[in-house]
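Per our numbering, the very first residue in the sequence shown carries number -12; after that it's consecutive. Below is one structure, written out as structure tokens; comments come after it.
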Amino acid sequence: MESAELGNLAGVRHVLLVLSGKGGVGKSTVSAEVALALRHHGKKVGILDVDLCGPSIPRMLRAQGRAVHQCDSGWVPVFVDQEQSIALMSVGFLLEKPDEAVVWRGPKKTALIKQFVSDVAWGELDYLVVDTPPGTSDEHMAAVEALRPCRCLQALVVTTPQAVSVGDVRRELTFCRKTGLQVLGVVENMSGFSCPHCSECTNIFSRGGGEELARHAGVPFLGSVPLDPELGKSLEEGRDFIQEFPKSPAFPVLTSIAQKILDGTPARIA
């Protein structure tokens, strides 16, 4: 497709839709940490937060309360860092108060998602990471349809080890199949608790569900991210976990996932 038809997505090389059929599995955590890990690999990254009723990414990246400005090409995303290596757009920037609830019907949500995709001036990005709400509803269809013109559109599916989560995520993989969305891989989040004192990993939930799911679905398994208190704390405080906690057991997993994403996304043909 010609650059003119792609509009503001013309400079975006790869788009990753972060999906899960279940809430509470840590999609936003994975979205934020994958973005930080890709930046750690020298990539320029954008994050589009289309979880309209629970926009948590601005807080995770210490960008709450920032204003969105207009330019000739549309909305200018909020840049998280001075180097402008991570750009962010979220409905959280459009709310007058951070505690304001988004009580909208489907058509209004769909219209905003389409506007986010078409009207945000992303510029040149190596990766656009799209954080989605749980499920397979209006928001997901709107995001897939709006982003479909991008050649390199892929899904990153997040689960936790428990059977109930894996069952819901299996339906998400069916959604990907039905919409023709290529699955880059499965990430298992909260895979055991990593003790901050002795570094021993205890499996609080059942184990291996994500890997088994990926095997059955015939898609790559990208890795298991342990529950790490430092990871949770860094997200609460809006700090760069990848930069600050290289000795954490979650660090090598996240950097490995980022490397597998780099390896699994082909170079875009100009």
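We put the CB at the ideal spot given by N, CA and C, even for glycine.
Three-state secondary structure (DSSP) of residue i
i, result
"R0", "strand"
"Q102", "helix"
"C139", "coil"
"T252", "coil"
"G93", "helix"
"G(-6)", "helix"
"D125", "helix"
"A257", "Confidence in A257 is poor, its pLDDT being 38 and thus under 50, which makes the residue's placement unreliable; the coordinate value appears in the next sentence. Note: A257 maps to coil in three-state DSSP."
"M(-12)", "Low confidence applies to M(-12): its pLDDT is 46, below 50, so where it sits in the model is not reliable, and the reading given next is rough at best. Coil."
Terminal residues of the beta strand (DSSP E) in which residue i lies
i, result
"D113", "L112 to D118"
DSSP beta-bridge partners of residue i
i, result
"V174", "V145 and G210"
"L6", "V144"
"F238", "Note: F238 sits in no beta bridge, so no partner."
"F180", "T189 and L214"
"Q169", "Q141"
"V131", "None, per the DSSP bridge assignment."
Burial state of residue i (16 or more Cβ within 10 Å)
i, result
"P120", "buried"
"G196", "buried"
"G210", "buried"
"M(-12)", "Here M(-12) scores only 46 on pLDDT, less than 50, and its place in the model should not be relied on; the value that follows carries that caveat. Exposed, since its Cβ has fewer than 16 Cβ neighbours within 10 Å."
"P253", "exposed"
"K220", "exposed"
"K31", "buried"
"K14", "buried"
"A130", "buried"
"K165", "exposed"
"G33", "buried"
"C163", "buried"
"C58", "exposed"
"C137", "buried"
"D250", "exposed"
"V151", "exposed"
Where the alpha helix (DSSP H) containing residue i begins and where it ends
i, result
"H27", "K14 to H27"
"V151", "A150 to K165"
"D86", "Where D86 is concerned, there is no enclosing alpha helix (DSSP H), given that its DSSP letter is neither H nor E."
"R202", "G196 to A204"
"F232", "That residue, F232, is in no alpha helix (DSSP H); it is neither H nor E in DSSP."
- Query: In chain order, which alpha helix (DSSP H) runs of at least 4 residues are fully inside the stretch 32 to 83?
  - Reply: 44 to 47
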